[in-house]
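Sequential numbering of the sequence shown, starting at 173, is according to the working numbering.
Cβ coordinates follow ideal geometry from the N, Cα and C atoms, glycine included.
Since the model is a prediction, treat every value here as computed from it, not as a measurement.
As structure tokens, the structure follows; a few thoughts come after it.
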Amino acid sequence: MTLAASLTADGTDMLGAAISAPTWRTLRDEHALQIAERTDAHLARRLRGEKHPVEDFLFTYYPFKAGQLAKWNPGPGVRLELDTEADRTYFDRRWYTTNPAGTIAEVDVESWRSDRGDGAKFIASLLQSTLRREANFGCFGIHEWAMVYKLSEEQRRHQQVPLRLSHEATDAVVEGHRIQCSHHDAFRFFTGPARPLNTLQPTRESMVANEQPGCLHAGMDLYKWAMKIGPIAPSDLVVDCFDLALDIRTLDMEASPYDLRGWGYGVVAIETAEGKAEYMDRQRAFSERAQALRQRLLDSLAAVGVYARESD
């Protein structure tokens with residue numbers, strides 16, 4: 173059960189009302205179980221010094237730990253009853269406030285806005301521009317290939333994962349495609365010889381102008397933006413962004429030059445017509461999910477005055 177569902181189960185919008193301690197504890201505990209399902213294997217591998225090329229990516233590429241993801245947040249405007257000292261301790265953290273009696277906690281919107289408002293405005297601008305822009309479904313994931321272009325075996329990342337094709341054939345795939353990567357963070361991992369082959373030269377400063385909703389990395393980044401805005405993003409939204417990011421990472425690697433069949437993954441051979449068709453079909457589905465999540469993130473930011481809805 174999401175918080176929104178629990179608050180509107182009787183058909184009444186209860187935001188602003190006080191949610192009983194047993195109710196929010198149940199939601200918190202359900203969230204903790206959800207996160208454990210998504211992070212326990214990663215934490216166990218980390219203890220063993222092992223790496224997984226797909227499942228560990230969200231914890232190495234993005235600067236968020238499993239413990240941060242496990243913290244439950246109801247979103248702004250939700251008042252939470254505190255019955256015990258343990259309740260008060262749970263919300264004794266940044267960007268929460270408790271009434272003088274210690275009986276009610278809620279997100280401290282003013283404190284959050286003072287600390288993170290400027291950054292949140294950038295996030296809102298990026299989300300809004302991407303939401304409005306036409307999607308490009310013709311990139312075929314060549315960015316991953318450009319990251320190994322002209323590299324020796326010793327130079328490439330993910331050395332524990334073999335390439336699916338020879339080095340020469342891998343380079344030929346790059347040279348045989350029009351590279352049109354719009355995502356600055358993907359582009360910065362291109363090899364030196366691959367960078368001039370891209371039709372765009374995206375930078376951090378051009379993100380708002382360049383990012384588009386068909387981009388896999390832009391979809392994955394919704395998890396980053398949800399975590400960046402902290403308690404303003406309800407935990408059910410954060411989990412949905414995390415799940416999308418992991419699903420996208422799966423396609424990202426299945427369509428890459430790496431051979432992950434030994435890890436139980438398939439192959440999307442984007443160098444073939446059939447592979448391109450599969451890539452585009454999955455890319456379109458991810459784009460639809462991402463657009464819905466962008467709107468939910470913008471709605472959360474609008475609720476705290478960072479973003480003005482067009483109809484407002």
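Original post:
Hey, would you say Met392 sits closer than 8 Å to Ile351, going by beta carbons?
Top reply: no
Original post:
Hey, is the segment 241-254 in contact with the segment 195-202, meaning 3+ C-beta pairs nearer than 8 Å?
Top reply: A contact is defined here as three or more CB-CB pairs under 8 Å, and the segment 241-254 meets this definition with respect to the segment 195-202.
Original post:
Between which two residues does the alpha helix (DSSP H) harbouring Leu254 extend?
Top reply: The continuous stretches of alpha helix (DSSP H) do not include Leu254, and DSSP gives it neither H nor E.
Original post:
Using the C-alpha atoms, what's the distance from Glu377 back to Thr261?
Top reply: For Thr261 and Glu377, the distance between alpha carbons rounds to 40 Å.
Subject >> Segments assigned alpha helix (DSSP H), at least 4 residues, entirely inside the segment 237-278 >> reply: 238-242, 257-262
Subject >> Contacting residues, own chain, Cβ-Cβ under 8 Å from Ala177 (five flanking each side not counted) >> reply: Bear in mind that the predicted position of Ala177 carries a pLDDT of just 44, short of 50, making it too unreliable to give a figure here.
Subject >> Through-space distance from Pro403 to Met319, alpha-carbon basis >> reply: 35 Å
**OP:** Take every Cβ of the segment 451-471, pair it with every Cβ of the segment 405-421, and state whether three or more of those distances are shorter than 8 Å.
**Re:** yes
**OP:** To the nearest angstrom, report how far apart Asp484 and Gly247 are at their CA atoms.
**Re:** Any reading at Asp484 must be qualified, since the residue scores a pLDDT of 47, below 50, and its modelled position is unreliable; the value itself is stated next. Approximately 20 Å, taken between the alpha carbons.
Subject >> Every unbroken alpha helix (DSSP H) inside the segment 321-374 [4 residues or more] >> reply: 339-347, 356-359
Subject >> Per DSSP, the bridge partner or partners of Ile401 >> reply: Under the DSSP definition of a beta bridge, Ile401 lacks any partner.
Original post:
Are the beta-carbon atoms of Ser459 and Pro374 separated by less than 8 Å?
Top reply: no
Original post:
Taking the alpha helix (DSSP H) that Thr422 falls in, what are its first and last residues?
Top reply: 407-426
Subject >> Selection from Gly447, Leu219, Ala204 that minimises the alpha carbon distance to Gln240 >> reply: Ala204
**OP:** Could you have a look at Ala190 and say whether DSSP puts it in helix, strand or coil?
**Re:** strand
Original post:
From what residue to what residue does the alpha helix (DSSP H) around Gln458 run?
Top reply: Here the sequence assigns Phe to residue 458, which means Gln is not the residue at that position. That run of the alpha helix (DSSP H) goes 445-475.
**OP:** Measure the alpha-carbon distance for Val476 versus Glu347 and round it to whole angstroms.
**Re:** 47 Å
Subject >> Element boundaries [alpha helix (DSSP H), containing Ser286] >> reply: 281-304
Original post:
Going by DSSP, what residues sit across from Tyr430 in a beta bridge?
Top reply: Leu335
Original post:
Using the C-alpha atoms, what's the distance from His214 back to Ala417?
Top reply: Approximately 15 Å between the Cα atoms of the pair.
Original post:
Distance, Cα to Cα, Asp228 vs Phe263?
Top reply: 29 Å
**OP:** May I ask you to report which of helix, strand or coil DSSP gives Glu222?
**Re:** Coil, per DSSP.
Original post:
Can you round the beta-carbon distance between Leu372 and Pro225 to whole angstroms, since I take them to be within the 8 Å contact cut?
Top reply: Actually they are not in contact, since the Cβ atoms of Leu372 and Pro225 sit about 27 Å apart, beyond 8 Å.
Original post:
Expressed to the nearest angstrom, what Euclidean distance is found between the alpha-carbon atoms of Met173 and Asn245?
Top reply: Summary for Met173: the model assigns pLDDT 38, below 50, so the residue's position carries little reliability; its value from the coordinates is reported in the next sentence. Spanning the two alpha carbons is a distance of roughly 14 Å.
**OP:** Identify which residue in Ser286, Leu299, Gly274, Trp317 has its Cα closest to the Cα of Glu443.
**Re:** Trp317
Original post:
Taking DSSP as the reference, what is the three-state secondary structure of Met228?
Top reply: Note that residue 228 is Asp in the sequence shown, not Met. Asp228: coil per DSSP, three-state reduction.
Original post:
Between which two residues does the alpha helix (DSSP H) harbouring Met379 extend?
Top reply: 379-382
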